[in-house]
Each structure stands twice: as structure tokens, then as C-alpha cells.
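Notes to accompany the following structure.
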């Protein structure tokens with residue numbers, strides 16, 4: 022329920038001598054304890070009537086992250102409108118309350134609290150960066166809410182209140198490296214990423230896997246500051262080391278500079294194998310397709326997948342959001358969120374969080390997603406395929 | 003360095019040298035506009051990056067327009083688009099000086115805050131107008147790929163282009179400041195505002211035009227950077243720190259200081275990045291700059307300004 026020991030028994034005279042700051046921290050703790058007691062009663066108090074059920078959507082539609090989260094917002098709204106057209110969940114139409122996290126992590130936590138405590142939403146579809154998820158997590162666990170999180174991420178986390186519809190790092194890394202080692206006979210690798218938790222953790226896993234399982238050699242490992250736009254020297258180093266494979270997880274604006282400068286330095290798909298973990302169709306639009314030709318992306322979904330389910334999904338998405346809207350890995354994973362939630366609720370026969378979580382953990386929930394058949398495992402992650410796509 | 007032939011090492015040396023020069027021209031182009039504005043009126047323009055974004059989006063819009071209406075003109079549109087980005091950024095700068103900046107000249111800290119607010123507003127305007135996603139302009143073929151003087155050496159064409167533009171803009175700014183009548187007025191105002199105004203120079207007009215020219219140059223810089231970096235609502239904010247670094251390190255109010263500072267920072271960063279890592283290279287460069295600034299608080303080249 023709460024991590025804090027109960028402080029209500031503090032003698033008043035002892036408190037008198039404490040500094041204002043300490044006092045207010047204590048007051049906060051007490052409020053927390055009281056609050057937790059209240060909200061566990063309120064857990065069954067989900068905003069559902071005979072006709073509709075309310076869910077929350079919590080992404081950044083403003084700020085730096087809007088660039089990535091736009092696709093997820095669109096995909097979730099598409100899924101929800103389709104579910105409503107089919108008659109909703111347990112006979113109730115879904116009503117969405119959309120909140121803007123504004124690319125600011127405390128704002129995410131605050132808005133999650135608002136959604137859970139004053140709107141009493143049955144589930145939240147949201148977050149993109151790990152930082153925003155970590156900010157929302159304590160709120161979710163305290164108020165016993167549900168979050169469907171769409172991004173591929175560094176892993177090493179499992180909360181009963183979260184369903185991770187993106188891949189975690191081991192899913193994305195191992196199979197991709199296996200493939201490149203086998204088909205390209207790669208022995209030497211150069212690792213490069215942006216300098217924050219996801220690339221760092223991912224590359225740590227990749228290093229272990231390359232050295233211990235593939236018996237390959239890592240000839241360089243490098244992290245560029247977030248927002249760094251200059252890769253000239255790094256590219257020269259790569260040239261000197263001549264790795265069989267460049268393994269890249271550069272993000273944001275840097276990603277564009279990285280690929281434009283690689284191309285300009287004469288390194289392209291024709292003379293170098295490059296496998297990246299951070300280029301979906303969304304990013305490709307900013308990088309420019311001509312700078313990517315011949316390189317590979319390791320993702321669970323690509324817009325160009327040639328299956329009837331995917332073609333249907335792509336045409337529905339374009340019909341709603343315009344012909345030019347790209348559909349990346351995370352966008353598709355976000356589309357899965359509302360559908361998985363619908364299945365879990367229907368299996369539980371209730372919107373009650375504990376019952377829904379129990380259904381999620383049953384291991385029996387599957388969904389015929391655009392990417393193919395997916396299984397929701399008892400560990401809150403999905404069993405899916407990894408695909409290496411050539412640009 | 004075992005296992006590398008001499009010719010290998012030679013080509014790396016050439017390419018590494020080029021990469022340092024190319025970073026130098028990027029930094030110089032970024033900082034010129036800001037240096038002019040800061041030197042002339044002591045306004046710290048936090049929205050400098052957004053004027054670069056205006057230039058970048060101009061390239062994108064022109065490329066879309068040309069593709070749709072004059073596809074045969076595609077190889078040449080870039081030149082026209084650069085001129086257009088200067089004019090648009092110039093015009094926006096002129097307008098903003100008139101509406102906002104001129105009311106805050108006596109309050110330097112307030113201009114800092116106001117221009118920062120302006121940068122946030124502009125970012126959201128870009129986002130609402132062009133969408134949150136990054137865009138990419140179709141670049142003409144002659145800007146793509148590499149020039150190969152020998153089989154082992156690849157010189158990036160876009161790097162060469164940025165370098166040429168950087169030299170051109172610097173030369174034009176130099177000519178403007180030191181050879182034109184307007185430049186004379188600008189320098190007079192910088193050196194002694196009261197006296198300049200006493201001999202009949204309209205210092206308010208000089209300020210407005212200087213601010214607009216600084217913004218216009220930022221627009222050109224942003225336009226050139228579409229060849230090497232991203233175009234999105236927040237792209238400009240990627241450059242702002244480096245830009246300030248160059249201007250402050252160079253010594254304010256000095257064109258040559260800005261050039262010297264851009265060159266030093268670029269070479270240090272490029273060489274250190276090669277031997278250390280990308281992040282460490284930046285750390286060491288910054289520490290060195292701080293140390294030098296502690297000894298020379300006015301920057302590399304001191305300007306002779308009577309205050």
C-alpha cells in the first residue's frame with residue numbers, strides 16, 4: 022500500500038522544534054498515508070456507467086517529445102474508435118480524456134494523478150520515454166491504476182500495474198545480433214548510442230551477448246551527448262577500426278545528423294552493414310529515406326509488412342490520419358494497447374483493476390495484431406517476433 | 003597504431019583535418035548572427051536558434067513548392083531558398099525588434115527572459131504549423147555524397163558546401179561592417195552610442211537593422227544546416243549552447259574574436275573526440291574554455307569599446 026511507516030504518532034512537542042522544511046516533508050508523508058488509505062477504498066470507484074467507461078490518454082502533444090508521441094496518440098485513438106464502433110467494452114462505449122504530459126516528467130506524474138483520482142479512469146494509455154514511465158509508476162502503484170506503455174525500452178522492470186506492449190531490450194537486441202552474425206558473418210562490432218539510460222543499458226546487454234555468445238569482438242563503444250550534431254570525428258574513428266557491423270542507438274535530432282553525415286562521408290548500405298535500434302518509419306521521415314538505403318532496423322513492426330491484417334490496419338490508419346502519416350513500431354504497439362485492455366476486461370468480466378490484472382496475468386490473452394499474433398505473457402510483456410528490416 | 007599502413011593513416015589525417023575545419027565553419031556560421039547582435043547592443047538573443055529553424059523550414063517549404071510546381075528547377079532551388087531564408091528571418095527579426103526588443107534595451111536581464119519566452123513561443127508556432135514530426139527537404143544531388151580525391155579519402159560535399167557558405171557570409175559581414183556606410187554607422191554606435199547619435203546617426207534605426215541582419219544570418223545558417231542536421235520544431239535549441247560558447251569565448255563585440263574562438267573550439271573538440279569519446283571530448287573542451295575564461299574574462303580578443 023504505502024512505503025512510508027505511519028507517522029501519525031509523532032508527539033506534538035517534538036515536532037515544534039523541527040525546521041519548517043522537515044515539518045512540511047513529514048506533513049507530506051502523513052498526507053500520503055492518509056491518501057493511500059482513501060484511494061484503496063476508491064479503487065472500485067471507477068468511472069463506469071451502464072453506457073460508458075472512461076479511460077485516460079497521457080502523452081506529450083507539446084514539447085520535445087511531441088515528435089515521437091504523436092503517432093502513439095493517433096494509434097490509440099484509432100483503436101478506441103474501432104472498439105466503440107464494435108459496441109465498446111462489456112457493452113459500454115469508451116470515452117477518452119486526453120491529457121498532455123508536455124515532455125516534462127513531473128507533469129506526467131501530476132496528470133496521471135488527476136486521471137486516476139479525479140477522473141477515476143479505468144485504464145491509461147500513455148507515456149513514451151522511460152523517464153515519464155518512471156515518474157508515473159509510483160502514482161499508478163499507489164492508486165492501483167492500469168497503464169499500457171507502448172515504447173521499446175531498456176527492460177529490467179515489471180510492475181503489476183503496467184502492460185508493456187513494446188519490446189524490452191533483450192527482445193530487441195539478442196535476435197537482431199544473432200541475425201546479423203549469421204547472415205553477414207559479422208565478427209567485429211562498433212557500438213554507438215546517445216548518452217542516456219536506454220542506449221547505455223541496451224549496449225551493455227549487447228556487449229555481453231556479442232562477447233560471450235557470439236564470440237565476436239567489440240572494436241569501439243561510444244555515446245554522444247543528447248542533441249549532439251557533430252559526428253565527423255566519430256565517423257573517422259569508425260573508418261579506422263573498420264568494423265563488420267555498426268550497431269547504433271542514436272536518438273532525436275542527433276539521429277538525423279548521424280545518418281546525414283554517414284552518407285556524406287561515403288558510408289552507406291552498399292559498403293557497410295549497419296543495424297540500428299532507433300529508426301522507425303517516424304524517424305525515417307526526418308532523416309530522409311535516401312540517407313538510410315541499405316541499412317537495417319531491428320523492430321517488431323514495419324509499415325510495409327505484407328500481411329492482410331497489416332494492410333487493413335495501414336489503410337484504416339491512413340484513412341483517419343492522412344495518407345502521409347508514417348506508422349512506426351511504437352505507433353503499432355500503441356494500437357495494441359486498447360485492444361489488449363478490452364480482451365483483459367472481457368475475460369475478467371469487470372473493470373476492477375485487480376480482476377483485470379489477474380486476467381492479464383493468465384497467459385491466455387492473445388491478439389491478432391497488425392504485426393501478427395501476439396501473446397500477453399504473465400510477466401506483463403508481449404511474446405512477439407523481432408524483424409530486421411532493410412531500408 | 004599497429005596494422006595500419008601509412009597511406010591509411012594519411013587519409014584519416016586528411017579526413018580528420020577536414021572534419022575539424024567543417025566543425026569550425028558550422029560553429030562560425032551559427033555564432034556570427036549572435037555575435038553581431040550581442041556586440042552591437044548587448045542583447046542576448048535566446049531565440050537565436052529559432053531563427054535558424056525559420057531558415058531550415060524555409061528550405062523545406064521551398065523544396066516542397068519546387069517539387070510540386072517546377073520539378074525541373076530542383077537542382078538549383080537551394081540557392082534561391084537560402085536567399086529566401088535570409089529575407090524571411092530578416093523580416094521576422096525586424097518586426098520583433100520593433101514590437102518587443104526595443105522596449106527592453108535598458109534592461110539586459112529582461113531581454114534574456116523575453117527572448118527565451120519568444121523562443122518557446124516560436125517553437126510552439128512551428129509545432130502547430132508544421133506538425134511535431136521532423137521533416138526533411140529533398141536536397142539537390144550535387145549536395146549529397148562525397149568527393150574522392152583518392153580511393154581512401156572521402157570529403158563530404160555538404161561539409162564543403164557549409165564551409166563555402168560560412169566563408170562567404172563572414173566575408174560579406176566583414177565588407178558590410180568595415181567598407182559600407184551602414185557598417186560605419188554600426189561601428190560608431192557600438193563604440194559610443196551617445197556621440198554617434200549627436201553627430202546625427204539614427205541609432206534606433208541602426209539597432210533595428212543590425213538585429214534584423216543578425217537574425218537573417220541565423221536564417222542562412224539554419225538553411226545550410228538542413229544538409230547536415232535535422233529540421234524540426236526544436237532543432238534550433240540544439241545549437242544554442244554551442245553558439246553562446248563561441249561568442250562568449252571569442253570576446254564580445256569582436257568579429258575576429260568570434261572567428262578565432264570558433265576555430266579553437268572546433269579543433270579542440272574534433273581532435274579530442276577522435277582520441278577520447280564523443281562525450282569526453284566535449285567535457286574536456288568545456289573545462290579548458292572555463293579555465294581560459296577565468297584567466298581572460300573578456301574572452302580571447304578584447305574589443306576596444308568605450309563604455
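Chains as they are written, first to last, in the numbering used here: chain F, 22 to 412; chain B, 3 to 309. Virtual Cβ for every residue (Gly too), placed ideally from N, Cα, C.
Chain-order list of residues whose beta-carbon lies under 8 Å from that of residue i (same chain, five-residue window excluded)
i	result
residue 68 of chain F	74, 75, 140, 141, 142, 143
residue 120 of chain B	48, 49, 52, 98, 102
residue 284 of chain F	311, 312
residue 109 of chain F	73, 74, 115
residue 384 of chain F	396, 397, 398, 399
residue 19 of chain B	none
Close beta carbons around residue i, own chain, < 7 Å, minus the five adjacent residues each side
i	result
residue 408 of chain F	320, 321, 323
residue 59 of chain B	128, 132, 233
residue 378 of chain F	181
residue 359 of chain F	97, 100, 101, 104, 146
residue 265 of chain B	26
residue 113 of chain B	45, 46, 103, 106
residue 231 of chain F	198, 210, 237, 239
residue 155 of chain B	13, 16, 17
residue 119 of chain F	78
residue 188 of chain B	42, 179, 208, 212
residue 372 of chain F	67, 69, 74, 143, 366
residue 193 of chain F	173, 298, 319, 407
Anticipated Cβ contact below 8 Å, residue i with residue j, distance rounded
i	j	result
residue 21 of chain B	residue 140 of chain B	Not quite, the Cβ-Cβ distance comes to about 26 Å (not below 8 Å), so this is no contact.
residue 175 of chain F	residue 190 of chain F	5 Å
residue 87 of chain B	residue 221 of chain B	4 Å
residue 198 of chain B	residue 190 of chain B	4 Å
residue 237 of chain F	residue 207 of chain F	7 Å
residue 166 of chain F	residue 374 of chain F	7 Å
residue 185 of chain F	residue 221 of chain F	The Cβ separation is near 19 Å, so there is no contact.
residue 299 of chain F	residue 269 of chain F	7 Å
residue 274 of chain B	residue 286 of chain B	5 Å
residue 295 of chain B	residue 258 of chain B	That belief does not hold up - the Cβ atoms of residue 295 of chain B and residue 258 of chain B are roughly 18 Å apart, past 8 Å.
residue 301 of chain F	residue 316 of chain F	Not really, about 13 Å apart at Cβ, beyond 8 Å.
residue 235 of chain F	residue 202 of chain F	5 Å
residue 92 of chain B	residue 214 of chain B	5 Å
residue 276 of chain B	residue 254 of chain F	4 Å
6 Å Cβ shell around residue i - same chain, five flanking residues per side excluded
i	result
residue 240 of chain F	209, 211, 262, 264
residue 55 of chain F	Residue confidence for residue 55 of chain F is low, a pLDDT of 42 falling below 50, so the modelled location carries little weight; the figure read from the coordinates is stated next. So the list is empty, once near-sequence residues are dropped.
residue 334 of chain F	391
residue 61 of chain B	83, 139, 225, 228
residue 267 of chain F	211, 295
residue 279 of chain F	252, 271
residue 404 of chain F	396, 398
residue 282 of chain B	none
residue 137 of chain F	164, 166
Residue i classed as buried or exposed, judged by whether at least 16 other C-beta atoms fall within 10 angstroms
i	result
residue 67 of chain B	exposed
residue 149 of chain B	exposed
residue 93 of chain F	buried
residue 158 of chain B	buried
residue 235 of chain B	buried
residue 123 of chain B	exposed
residue 340 of chain F	exposed
residue 71 of chain F	exposed
residue 293 of chain B	exposed
residue 144 of chain B	exposed
residue 338 of chain F	buried
residue 261 of chain B	buried
residue 6 of chain B	exposed
Ignoring anything shorter than 3 residues or poking outside the segment 160 to 217 of chain B, list the beta strand (DSSP E) runs there in chain order. Within the segment 160 to 217 of chain B, no complete beta strand (DSSP E) run reaches 3 residues.
Chain B contacts made by the segment 303 to 315 of chain F, where a contact means CB separation under 8 Å: Correct list: 303, 304, 306, 307, 308, 309, 311.
Contact residues within the segment 214 to 247 of chain F, judged by C-beta distance below 7 Å to chain B: 216, 243, 244, 245, 246
Considering only residues of the segment 175 to 204 of chain F, which uninterrupted alpha helix (DSSP H) runs meet the minimum length of 4 residues and lie entirely inside it, listed in chain order? 190 to 204
I'd like the ranges of any alpha helix (DSSP H) spanning at least 4 consecutive residues and lying wholly in the segment 292 to 318 of chain F. 302 to 308
Note down, in chain order, all residues in the segment 367 to 379 of chain F with a beta-carbon under 8 Å from any beta-carbon belonging to chain B. none
Let me know the alpha helix (DSSP H) ranges lying completely inside the segment 324 to 377 of chain F, each 4 residues or longer, listed in chain order. Given a length threshold of 4 residues, each whole run of the alpha helix (DSSP H) inside the segment 324 to 377 of chain F is given here in chain order: 329 to 342, 350 to 369.
Can you list, in chain order, the residues of the segment 74 to 90 of chain F whose Cβ is nearer than 7 Å to any Cβ on chain B? 83, 85, 87, 88
3-residue-minimum beta strand (DSSP E) runs that sit fully inside the segment 106 to 152 of chain B, ordered along the chain: The qualifying runs do not exist here; there are none.
According to a CB-to-CB cut-off of less than 9 Å, which residues of the segment 174 to 187 of chain F neighbour chain B? The segment 174 to 187 of chain F vs chain B, Cβ under 9 Å: nothing.
Quick one, which residues of the segment 271 to 284 of chain F are near chain B if we go by CB-CB under 9 Å, in chain order? Residues of the segment 271 to 284 of chain F with a Cβ closer than 9 Å to any Cβ of chain B, in chain order: 273, 274, 275, 276, 277, 278, 281, 282, 284.
Runs of 3 residues minimum, wholly inside the segment 211 to 299 of chain F: which ones carry the beta strand (DSSP E) assignment? 238 to 245, 266 to 270, 294 to 297
Chain F contacts made by the segment 44 to 77 of chain B, where a contact means CB separation under 7 Å: From the segment 44 to 77 of chain B, no residue has a Cβ closer than 7 Å to chain F.
Could you please tell me which residues of the segment 250 to 274 of chain F, in chain order, have their CB closer than 9 Å to any CB of chain B? Against chain B - using a Cβ distance shorter than 9 Å - the residues of the segment 250 to 274 of chain F are 250, 251, 252, 253, 254, 255, 256, 257, 258, 260, 261, 273, 274.
Would you mind listing the beta strand (DSSP E) stretches within the segment 106 to 154 of chain F that are 3+ residues and don't spill past its ends, in chain order? The beta strand (DSSP E) runs lying completely inside the segment 106 to 154 of chain F and spanning 3 residues or more are 114 to 121, 145 to 147, given in chain order.
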